[in-house]
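Residue numbers (our numbering): 76 to 218. All C-beta atoms, glycine included, are put in the ideal place defined by N, C-alpha and C. Presented below is the structure to which this report refers.
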């Protein structure tokens, strides 16, 4: 989409790992849980507003990212949501949860625990995502 701009809050709180299909793939800066965000490059704010093909592509992206999180992070549960009350730009959270993580069994949204990633950890994650997602993922250079 011409003129696409990432919401400033997502830009501030996340690292851009690269592009998965037509979406940006972000890593939330909280190493306490594997928390990724897909941001389709569209002007709409709701999933139902996407064209059918875009909806299917987003579902494929969520599925690929979910497999990566489940395989690489050995999580017990995946949380997938497109809430968007604070950040209206369409984005989908895909979060891996483990029994006993910093806010288990409560919701991760709004939880107060945080441990930021180091630059080396972000690059290592970018490499793991690149290896796992293959040709569908295009990494970007570090932030």
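{"Asked": "Spatial neighbours of residue 76 in its chain, beta-carbon cut-off 8 Å, leaving aside the 5 residues before and after", "Found": "Here residue 76 scores only 43 on pLDDT, less than 50, and its place in the model should not be relied on; the value that follows carries that caveat. Hits under 8 Å: 116, 117 and 118."}
{"Asked": "Residue 225 classed as buried or exposed, judged by whether at least 16 other C-beta atoms fall within 10 angstroms", "Found": "Limits of the chain in this structure are 76 at one end and 218 at the other, which puts residue 225 out of reach."}
{"Asked": "Cβ-Cβ separation, residue 155 to residue 141 (assumed contact under 8 Å), whole Å", "Found": "7 Å"}
{"Asked": "Sequence-distant residues of the same chain with beta carbon closer than 7 Å to residue 174, five excluded per side", "Found": "151"}
{"Asked": "Residue range of the alpha helix (DSSP H) that includes residue 226", "Found": "Outside the displayed span of the chain (76 to 218) sits residue 226, for which this structure offers no information."}
{"Asked": "The region 126 to 141 in contact with the region 102 to 109 per 3-pair CB rule at 8 Å", "Found": "no"}
{"Asked": "Sub-8 Å separation of residue 103 and residue 92 beta-carbons", "Found": "no"}
{"Asked": "Beta-carbon separation (whole angstroms), residue 208 vs residue 166, contact threshold 8 Å", "Found": "So it is not a contact: roughly 18 Å between Cβ atoms."}
{"Asked": "Span of the alpha helix (DSSP H) around residue 112", "Found": "Element bounds for residue 112: not the alpha helix (DSSP H) but the beta strand (DSSP E), 110 to 115."}
{"Asked": "Beta bridge counterpart(s) of residue 172 as assigned by DSSP", "Found": "152"}
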